[in-house]
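Since the structure comes first, as C-alpha cells, the remarks are kept for the end.
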Amino acid sequence: MLIKIKTLIVENHGYRRETFSRDIYVNSNNIISISDYPAIEQLLLAEGSISQGDKFSLVKVSHGNKTEDIIAFGTSAMIYSQINEQTTGRRLLND
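Per our numbering, residue 1 is the first one in the sequence shown, and the count goes up by one each step.
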C-alpha cells in the first residue's frame with residue numbers, strides 16, 4: 001500500500017543551506033522504522049528555516065540491499081497512524 005509522506009529536503013550549498021518540502025509516495029511494506037527527530041528541528045529553528053510548531057520524524061525505508069533515511073513532517077505517532085489507517089480500512093480487491 002502506498003502512503004503519501006511530506007518530506008523535508010535539505011541541500012547544502014557551501015556557505016548556505018536550502019530547505020524545501022516535497023511529497024513522496026512510499027510502499028508501507030518497505031518502511032523499517034519511524035522515530036521522532038528533534039535534532040533536525042532544533043538545528044533548523046536556530047537557522048530560522050522552519051516555524052516553531054514543526055515536528056519531524058526519521059523514516060527508514062528499505063530498497064532491497066540498502067536503506068534510505070527520509071526526514072518527514074510530523075511525529076512518528078502521526079505517521080504510524082496514517083500507515084495503520086490506510087492499511088486497516090476498506091480496500092479494493094487488488095489495491
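Just so it is clear, CB atoms sit at the ideal spot from N, CA and C, and this is done for glycine as well.
Checklist entry - What are the boundary residues of the alpha helix (DSSP H) that Q42 is part of? => result Here residue 42 is taken as the residue at index 42 of the sequence shown, counted from 1. From DSSP, the alpha helix (DSSP H) with Q42 extends over P38 to E47.
Next on the checklist: Could you tell me the alpha carbon to alpha carbon distance between T75 and Q82, rounded to whole angstroms?
Outcome noted: The residue labelled residue 75 in the question sits at position 75 within the sequence shown. The residue labelled residue 82 in the question sits at position 82 within the sequence shown. For T75 and Q82, the distance between alpha carbons rounds to 11 Å.
Checklist entry - Under 8 Å, do T67 and V61 count as touching if we go by C-beta distance? => result Here residue 67 refers to the residue found at position 67 when the sequence shown is read from its first residue. Here residue 61 refers to the residue found at position 61 when the sequence shown is read from its first residue. Yes.
Next on the checklist: Whole angstroms are fine: how far does the CA of N12 sit from the CA of E85?
Outcome noted: For the purposes of this step, residue 85 is identified with residue 85 of the sequence shown, where counting begins at 1. For the purposes of this step, residue 12 is identified with residue 12 of the sequence shown, where counting begins at 1. If you take the alpha carbons of E85 and N12, they lie about 35 Å apart.
Checklist entry - For the beta strand (DSSP E) that S28 lies in, which residues bound it at each end? => result One-based indexing of the sequence shown puts residue 28 at position 28. Premise fails: S28 is in no beta strand (DSSP E) and is neither H nor E.
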